[in-house]
Amino acid sequence: MRRGFFELPTIELARELIGCLLVHETRAGRICGRIVETEAYLHDDPASHSCRGRTQRNAAMFGPPGRAYVYLVYGMHLCFNVTSAPEGVGEAVLLRALEPLEGQREMRRRRGAVSERDLCRGPGRLSEALGIGREHDGVGLARGALRIEPGPASGRIVAGPRVGIRLAAARALRFRVAGSTWVSRG
DNA sequence: TGAGTGATTGACT
DNA sequence: GTCAATCACTCAT
8 MRRGFFELPT
18 IELARELIGC
28 LLVHETRAGR
38 ICGRIVETEA
48 YLHDDPASHS
58 CRGRTQRNAA
68 MFGPPGRAYV
78 YLVYGMHLCF
88 NVTSAPEGVG
98 EAVLLRALEP
108 LEGQREMRRR
118 RGAVSERDLC
128 RGPGRLSEAL
138 GIGREHDGVG
148 LARGALRIEP
158 GPASGRIVAG
168 PRVGIRLAAA
178 RALRFRVAGS
188 TWVSRG
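FYI, in this note's numbering the residues of the first sequence are 8 to 193.
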């Protein structure tokens with residue numbers, strides 16, 4: 008990833024992450040998908056975990072940019088975020104959907120017998136398909152077994168309201184590839 | 001120490 | 001299209 012990429016302002020990073028590759032080198036082989044949908048979560052954002060200050064759970068959001076923030080939601084699903092903003096500022100970008108590129112066999116072993124389209128369509132699904140766990144919370148994403156890599160140019164990117172939240176849901180902080188069959192909604 | 005809550009998914013109609 | 005499952009985390013006792 009080019010130098011300074013993760014230092015981009017959170018909203019720009021959310022847009023720039025579209026088209027990049029999320030790679031996980033596992034013992035079972037390389038698993039890889041192209042990012043097609045993201046959401047930005049800002050420090051002054053009532054929908055963000057960080058808006059009420061640092062806690063044990065959201066500590067990674069307040070760390071340096073370019074790290075993983077992995078948390079459990081609804082008691083059963085993991086969500087994978089890329090931290091952004093300088094150390095001390097709690098912001099991150101949620102990855103909501105991937106287009107599977109490599110390791111579909113391994114994804115399916117984790118996800119069960121689902122259609123190709125449903126392997127990584129949704130934040131909980133992509134975490135499961137890539138084998139992301141709580142042990143990845145706080146790890147750097149510039150290098151290492153789990154990392155972000157530059158990807159080919161994607162199609163047109165459109166912004167819209169975020170999904171699955173009540174507070175500040177109307178803000179256009181969700182980005183996706185227009186018309187992609189791999190995004191979780193619309 | 002315990003109740004309320006939720007950045008979702010999968011099963012079902 | 002609707003709805004229940006299920007539990008870590010937070011905040012209020």
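Note that beta-carbon positions come from the ideal geometry of N, C-alpha and C, so glycine has one too.
Who are the near neighbours of Ile38 in its chain, counting only those whose CB is closer than 7 Å to its CB and skipping five residues on each side? The count along the first sequence starts at 1 and reaches residue 38 at position 31. Cβ neighbours of Ile38 beyond the five flanking positions: His31, Glu109, Gly110, Glu113, Met114, Leu137 and Gly138.
Name the DSSP bridge partner or partners of Asn65? Within the first sequence, the letter at position 58 stands for residue 65. In DSSP, Asn65 forms no bridge with anything.
Neighbourhood of Ala177 by C-beta, 7 Å cutoff - its chain only, sequence neighbours within 5 removed: Mapped onto the first sequence, residue 177 falls at position 170. Only Pro168 meet the Cβ criterion.
Trp189 and Arg128 closer than 8 Å at C-beta: Translated into positions along the first sequence, residue 189 becomes position 182. Translated into positions along the first sequence, residue 128 becomes position 121. Yes, they are a contact pair.
In angstroms with no decimal places, state the Cα-to-Cα distance between Asp52 and Ala175. For this step, residue 52 is matched to residue 45 along the first sequence. For this step, residue 175 is matched to residue 168 along the first sequence. Their backbone Cα atoms lie some 7 Å apart in a straight line.
Helix, strand or coil, according to DSSP, for Leu180 in the structure here? Start at 1 with the first residue of the first sequence, and residue 180 comes out as number 173. If DSSP states are grouped into helix, strand and coil, Leu180 belongs with coil.
So, with DSSP's three-state summary, where would you put Pro107? Here residue 107 corresponds to residue number 100 of the first sequence, with the count starting at 1. Looking at Pro107 - three-state DSSP - the assignment turns out to be strand.
I think Leu105 touches Gly40, with their Cβ atoms under 8 Å apart; what is that distance to the nearest whole Å? Stepping through the first sequence from its first residue, residue 105 is reached at position 98. Stepping through the first sequence from its first residue, residue 40 is reached at position 33. At roughly 3 Å, the Cβ-Cβ gap stays under 8 Å, so Leu105 and Gly40 are in contact.
Whole-angstrom Cβ separation of Phe87 and Val96, contact assumed at under 8 Å? Working through the first sequence from its first residue, we reach residue 87 at position 80. Working through the first sequence from its first residue, we reach residue 96 at position 89. With 8 Å as the limit, Phe87 and Val96 do not qualify as a contact, their Cβ atoms being about 20 Å apart.
Please state whether DSSP places Leu24 in a helix, a strand or coil. Along the first sequence, read from residue 1 onward, the residue named residue 24 stands at position 17. Reduced to three states, the DSSP call for Leu24 is helix.
Determine the extent of the beta strand (DSSP E) in which Glu135 is found, giving its start and end residues. Counting from one through the first sequence, the residue named residue 135 turns up at place 128. Where Glu135 is concerned, there is no enclosing beta strand (DSSP E), although the alpha helix (DSSP H) it sits in stretches over Pro130 to Leu137.
DSSP state of Ile172 mapped onto helix, strand, coil: As a first step, residue 172 must be located in the first sequence, where it is residue number 165. Correct three-state label for Ile172: coil.
Going by the beta-carbon positions, is the gap between Ser161 and Gly73 smaller than 8 Å? In the first sequence, the residue the question calls residue 161 occupies position 154. In the first sequence, the residue the question calls residue 73 occupies position 66. Between Ser161 and Gly73, the C-beta spacing is not below 8 Å.
Straight-line CA distance for Gly147 to Glu135? Residue 147 sits at position 140 when you count from the first residue of the first sequence. Residue 135 sits at position 128 when you count from the first residue of the first sequence. Whole-angstrom Cα-Cα distance: 19 Å.
Which residue marks the beginning of the beta strand (DSSP E) containing His50, and which one marks its end? Within the first sequence, the letter at position 43 stands for residue 50. It is not in any beta strand (DSSP E) - His50 carries neither H nor E in the DSSP assignment.
Which word fits Tyr81, buried or exposed, when buried means at least 16 other C-beta atoms lie within 10 angstroms of its C-beta? Locating residue 81 in the first sequence gives position 74, counting from the first residue. It counts as exposed.
Name the residue from Ala120, Ser191, Arg181 and Ser91 whose alpha carbon lies nearest to the alpha carbon of Gly131. Within the first sequence, numbered from 1, the residue matching residue 131 stands at position 124. Ranking the options by Cα distance to Gly131, first place goes to Ser191.
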